[in-house]
Every structure is written in structure tokens, then in C-alpha cells.
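Here is the structure we will look at.
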């Protein structure tokens, strides 16, 4: 830890800390992290930092909230931020990825099979996957009740960057790659691909 | 949507958007959210915004990474942030860095190629890199045994602060070292390199 | 040592300093300031074997690759001792038996350097950090995710906490059964198409009625009459009319 911290640097430290902090950053917390400065110096630096952002009147500013300090976007830009958040592609839930993995490897597959493997109701997830065009109905199974058969779509291949269904790693390969040879690994895989795509 | 957006305001909007975005914000996304400005104006505003933060040399700055723009804390303050976050920084071992380097420069690459270059079993390291989402499975190589092909992810670019794969530092070329006495080894080297270019 | 070393030690204890035989060889080449393409093979073999001996003395598990390399070195050494084959020599120049190893070392060195360069970058979460807090913006994020029973129960607890502790008049199960409540609820949701979870309990001051409504809701979800979604953890829970697959 440096012995003396000049004002310029202290402002920089505090700016970085507020930005990286998960919660509003309190003066006590700053004192704990930079112990060689006085509470007065900390308050002075905080006030300077706020002034810098207030005077530049840019997109973000420092606000005192819930006993601490936090960066926020200026309210006049909120409509743009809403636009951005709305347009963000929706991420698949873990349940959806699990179900998708089962359908990918077991297709054509009926819902009851998916639910037998997952151990939970999967109707909602199947519907989401249908809506997002990652799976499609292939037909009906010729058994009593004529349940629907599901399979993956072209969009599925595109989403996960696969050339064809044959490029899916086999369950055995996944087993060799990962310690526990069950659906958990496929989830990891799909999450990996998914995250990368967005 | 406002009809005309002045430069000052555009910088503010972009600043707020970059701050609010969970992923590096791309120019395309900005264009989608603020459609009434030209790509040139967006690039100009981005450049101005970066200059503002670079010149103030405060705690945070704007970096171009993984095809977009992102706020980050300046590295000189990392010790303070680590004190605040109270979590051990995730270090990459030498084995992981070596393997990652091979995958980054040689992608798409199969595990046996990695192991040929490193001279040791690399299954464990590959698994760790997959789990940390630094690499992903690209598909299967069309050779007997259909081994999995690996490549780097967007998270890899983000982790190392790279704009794109082209911004990887250049590594010494092997070509100059080769004499005419070609052996199997050299051929392999060249084929791998060629594939990388296609 | 770092986390990965311990991770990997589960299947193999490895020398802490060297990443493998190539790493060890490269270290010896650099230490002696040899040219990779002109290594005095007898000398380097001797030094390599010395290191293997040290590893044995230290009781370290020596990975198979180290022993394979030892054999390779011995093989190259013996080939170097052989007199050049005259007949073959006339047709084409014989390859230096060290060439293959030299190329391997050169290539490994390239990537070792590349790894070193990567390590010098400002690495995320080691040298640089991202925004830590969640985005604070008063906006209704309509990104819907599936809901677990746990989250639903958490929501119920919230409703129960808000309900008065002492209820003026209790409704007994006899007066309003789960079955009846199910019919009411499904009609309500079918009519409106979408409802907010808390709205179910607006007219239910009694704790018993809240629990009854909740149980009825669970039944409806199980029967796939109703679907529930949540935009974000602890966010608003929404109920939708379930659409049958065949529709």
C-alpha cells in the first residue's frame, strides 16, 4: 500500500472503486481500502468526483444513494437505454438449454421422454423453444395418445455454430471430456456456445 | 426519437449506453438505438468519448474490445479493487496460457495438435479453459475418429482486452527456419497454418 | 502455486517448474546458450537425465512424457554416433537426426513466448475490472425467464408477510375448497390472458385464503392451464394462460 496518496490519485481510486463495486460504495469502505487518507480527504475527493461528472453533464454521473455512492446513467438518456435493453437478444434459461440438449441428442423425441430425463415438467420450456424456432414439431408418434415428436431446426444449428447435426459432440465424447457423464456437461457446452453468440 | 442529435448529446448517449450494456457495445447497436446519426458521427463521438477519459486519466476508461466498447477500471488501481472485492483474482496458470496461445493462433485446432506442440497431455487444461469459457468447441474435424475442434470465444477477447483476433500480437514465423529437407513435422506445421488462413 | 496446478494434480503430480519435457529441454538449451538447431545432443541428454534423477530423488511422479523424451534423446544420440551411410548420402543429403526435435523445440518456444505476451496483457478480473453493480434503471424488463418453485414460494412468503397477522374471520376449507378456487382462478386468468402474481391476493386478507389460492395456483400450473414467468430474479411474477401445444 502506498504511504501517501495524492488527491488526483485518490479521486481515480475512488472512481474505479465506485465503478467496480457491487453495492453503493460507502465512505467507511473507502477508508478500509485506502487507510492512509483521512475521512476529510475522502469526502473532499468524493465531492470533487461528483463535481467532475456534474460539470461534464455526460451520460453518467455519481449519485449518493443508500448511504453510499454509485454511478448511474442520466435520466434524460433512459429512453435510449430502454431501447438497448429491449433489443438485447433473450438468453436461454438453464431449463431451456437442458431441454434443447435432450431434444438435440434424442430427436425425434416426445415430451414425456424429455420430462422423464429431466424429472420435471417441460411443457413451458418446449413452448419457448418452439417460439424461438430452435425446435420444431416433426410429426406425431404412432402410439396411443399420438404425442408430438420434436426435433431441432436450422436455426438451432446456426445459433450454436454447427455445420450439421453430425457435428454435435457425442455423449461419449462429452463423457471423455468431462468428469461426470451426464446432461450437466452438455449444459456447460451449450451455455458456452450461447454466451459466445450473444 | 429526436430528429437531430447534436454531438454533445450523442457522446452522452453513447457514454450512458456503454455504461449500461452488459456486453461490449458495438457500433451497430448504437446505430440501431440512435438511427438518425451516421456511422461516421458515431465513430467520431466514440473517439471523442475515449479521448475525454484518456485525457482525464481517472479511475475508468473506455476500451475497444471484442468488437465493441466497454468501460473498465485502469490497471493501476487493480490492487485497491482486489481489496474491495475480497476475492482471489482468477489467475491463469502457465499451462493454461500456453494452451490458450496455441488455440488462439491455430484455431480451429484439435487436442492432439495442442499436445504435439506442448509435448504433454493437455486434457485437464482444455477442460479448465472450456469451463472458464475462454475456448469453445467449434465442431469436429473430418478425419478418422472425428476429434473435436477448439477455438477461442468472445470472452477470450474480453479477458485479454483484444479488439479482435487480428489484434493478437504477431508471433515469430517458422517459415524462415525451414530448409529444403522437408520432414513430416514441417508439413504438419504448414498445413495447420494454411487451414488457419482459410 | 496457482489453482490450475492443484486442479491438475488430481490426476498427476507434476514438476512445479516445468510444463513438460519440451519445457525442460528448452530451459536447458537457454541455460547453456545453445542454438536450438545445433544442440550438442550428448551433453543435453546428460543434463536432461540429471534432472530426471533429481525428480526421482524428490519422489515426484514423473510423467510418462518425460521418459518418452529420454528415450528419444538416447535414440538421437545413437544415430549421431553412426557413420554416415555413403550410398544414401550420394542420392540425397541425409537429415540431421536432431532436426525433428529442434523443430519441436522451436515451435514450442514460439507458443511459450506467445503465452508470456498474453500474460502481460491487462487481464480482466486481474488487472482491470468491469462495472460491479446491477444496472439501476426504473424500467420494466420484460425479459421473461422460467420460474422455479422456490421463487414462487419466496413470492408467497412476501404476500404472507404483507397480510395481517390476525385475521378477523377465518374461511374454513369447507367453505372454499381448492377445487373451487382453481375454477375461479383459471377463469380470471383465461379472461385477462395475463395477470400479476400479487393481484391474485388483492381481495384475500386472510392467510388461509392466501395459502388456498397459492395451492390452487400450483395445481393449475401442474395441469398446464397456467404458465408463470418472471422477468428478473425477485421481479414481478406474471401468470399467463397456457396455450396447448396442439393449438
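Chains as they are written, first to last, in the working numbering: chain A, -11 to 186; chain B, -11 to 186; chain C, 39 to 285. C-beta atoms are modelled at their ideal positions from N, C-alpha and C, and glycine is treated no differently.
Query                                                                                                                                     : Result
C-beta neighbour in chain B for residue 171(C), strict 8 angstroms                                                                        : no
Residues that residue 8(A) contacts on chain C, provided the C-beta gap is smaller than 8 angstroms                                       : 167, 168, 169, 170
Complete runs of the alpha helix (DSSP H) confined to the stretch 74 to 149 of chain C [at least 4 residues]                              : 79 to 95, 102 to 119, 124 to 129
Coil, strand or helix - residue 56(A) by DSSP                                                                                             : strand
Inter-residue spacing [alpha-carbon to alpha-carbon] between residue 84(A) and residue 11(A)                                              : 31 angstroms
Residue 82(A): contacting residues in chain B (beta-carbon distance under 7 angstroms)                                                    : Here the premise fails: no neighbours, minimum Cβ distance about 15 angstroms.
Cβ neighbours of residue 238(C) in the same chain (closer than 6 angstroms, five flanking residues each side left out)                    : 251
Straight-line Cα distance separating residue 120(B) from residue 176(C)                                                                   : Residue placement at residue 176(C) is flagged as unreliable, the pLDDT there being 34, under the threshold of 50; a coordinate-derived value is accordingly withheld.
Neighbourhood of residue 56(C) by C-beta distance below 6 angstroms, restricted to the same chain and skipping five residues each side    : 62
Cutoff 8 angstroms; reference residue 31(A); Cβ partners in own chain excluding five residues on either side                              : 15
Proximity below 8 angstroms, CB of residue 234(C) to CB of residue 169(C)                                                                 : no
Alpha carbon of residue 57(B) to alpha carbon of residue 50(B), nearest angstrom                                                          : 7 angstroms
Cross-chain neighbours of residue 133(A) in chain C, by beta carbon under 7 angstroms                                                     : What residue 133(A) touches in chain C: nothing, since even the nearest Cβ is about 11 angstroms away.
Residues of the stretch 100 to 125 of chain C whose Cβ lies closer than 8 angstroms to any Cβ of chain B, in chain order                  : 101, 103, 107
Start and end residues, beta strand (DSSP E) containing residue 117(B)                                                                    : From DSSP, residue 117(B) is part of no beta strand (DSSP E) but of the alpha helix (DSSP H) over 111 to 119.
Contacts of residue 62(B) in chain A (Cβ-Cβ under 8 angstroms)                                                                            : 0, 4
Three or more C-beta pairs below 8 angstroms linking the stretch 102 to 122 of chain C and the stretch 113 to 131 of chain B              : no
Residues from the stretch 40 to 71 of chain A in contact with chain B, defined by Cβ distance under 9 angstroms                           : 40, 44, 45, 46, 47, 48, 59, 60, 61, 62, 64, 65, 66, 67, 68, 69, 71
As assigned by DSSP and simplified to three states, the class of residue 279(C)                                                           : strand
Element boundaries [alpha helix (DSSP H), containing residue 127(A)]                                                                      : Where residue 127(A) is concerned, there is no enclosing alpha helix (DSSP H), although the beta strand (DSSP E) it sits in stretches over 123 to 128.
Residue 149(C) versus 88(B), 40(B), 130(B), residue with shortest Cα-Cα distance                                                          : 88(B)
Three-state class that DSSP yields for residue 97(B) in the structure shown                                                               : strand
Stretch-stretch touch, CB-based, cutoff 8 angstroms, three pairs: the stretch 127 to 145 of chain B with the stretch 88 to 104 of chain B : yes
Whole-Å CB distance - residue 149(B) paired with residue 75(C), under 8 angstroms assumed                                                 : The Cβ separation is near 36 angstroms, so there is no contact.
Sequence-distant residues of its chain with Cβ nearer than 7 angstroms to residue 112(C) (five each side left out)                        : 83
Segment limits, beta strand (DSSP E) that includes residue 139(B)                                                                         : 136 to 140
Classification of residue 117(C) by the beta-carbon crowding that lies within 10 angstroms, buried from 16 upward                         : exposed
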